[in-house]
Each structure stands twice: as C-alpha cells, then as structure tokens.
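Engineer: Per the working numbering, the sequence shown starts with residue 3, numbered consecutively. A virtual CB, placed ideally from N, CA and C, is assigned to each residue, including glycine. I'd like to ask you about the structure that follows.
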Amino acid sequence: MEDLVRVQNEYDRLVLAWLRSHVGDRALRQAALKLSGPEGRDSRRKPYLSTVCRLLGVQPPPRRTLHARSAAQRRAVGERYLREIRAILTRPKAGAASGAVAGKAVTAPGAASG
3 MEDLVRVQNE
13 YDRLVLAWLR
23 SHVGDRALRQ
33 AALKLSGPEG
43 RDSRRKPYLS
53 TVCRLLGVQP
63 PPRRTLHARS
73 AAQRRAVGER
83 YLREIRAILT
93 RPKAGAASGA
103 VAGKAVTAPG
113 AASG
C-alpha cells in the first residue's frame, strides 16, 4: 500500500496499518486512487494519509495510542523469542552428559594442567 499513499515516518506506517485493519485494503486502494488524480505523463501523485482518512470519513487513533499498541506488540514478540531461547538453553546437550571426553578431563583453554 505504500506505493499508493505517502508514508513519511513511523506514525504514518502505524496509521496505514490501522487503516488497513479498520476499513480494508480494497476501500483504502479505491480512496487512494481517487485522490491521486488521473494518470498522465507523470506518475500518479500520492495522497497524504490524512486526506485518505478524511475521504473515508475516519479519524485514526492518537499517536500515543498507536505507539502504545505497537510497543505492546513488539514486547509480546520479544517475550515469545525469549521463551524460545530459554527453552533451547535448558535442553540437555547431546553427548555432553559428563565433563570428560574419552576418559580425559576437559580443561579451559589457557588453564594450567598438572
């Protein structure tokens, strides 16, 4: 959809995602094409998201609300990844049941043996 409307910053990306979920891709595409004017020598002009919202008769949530939703989604994804990482780290390693390899003690690199 970014090829049809002006997306200049992170807030615009959040508004675009909200619009897509709120009114749907079809309505958004039709409004953007209607506002972009006729095709001519130059490519179509991209309308601002605020103009698309006015045409559709909707008002996006305030910046603070959209940013809070976005932060909550990112936090949920991060927590899921952390759970997966913790699960991987707590699994027993195959073949590493003991600290010995073929009857010999394993020492840290650079440690004095003796």
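Taking only three categories from DSSP, how would you classify Arg66?
Structural biologist: Arg66 falls in the helix class under three-state DSSP.
Engineer: Is it a yes or a no for the segment 20–27 touching the segment 57–65, going by three-plus beta-carbon pairs under 8 angstroms?
Structural biologist: Contact between the segment 20–27 and the segment 57–65 is present, because at least three Cβ pairs lie under 8 angstroms.
Engineer: How many angstroms separate the CA atom of Val7 from the CA atom of Pro40?
Structural biologist: Near 15 angstroms, if we compare the C-alpha coordinates of Pro40 and Val7.
Engineer: Quickly, what does DSSP pair Arg8 with across the bridge? List them, please.
Structural biologist: Answer by DSSP bridge pairing, in chain order: Tyr50.
Engineer: How many Å lie between Tyr83 and Arg77 at the Cα?
Structural biologist: Going by the C-alpha atoms only, they are around 10 angstroms apart.
Engineer: Is the separation between the beta-carbon of Leu37 and that of Val54 shorter than 8 angstroms?
Structural biologist: A contact, by the Cβ cut-off of 8 angstroms.
Engineer: Determine the burial state of Val17: buried for a count of at least 16 other Cβ atoms within 10 Å of its Cβ, exposed for fewer.
Structural biologist: It counts as buried.
Engineer: Under the rule that 16 or more other beta-carbon atoms within 10 Å means buried, what is Ala70, buried or exposed?
Structural biologist: Classification of Ala70: exposed, given that the 10 Å Cβ count is below 16.
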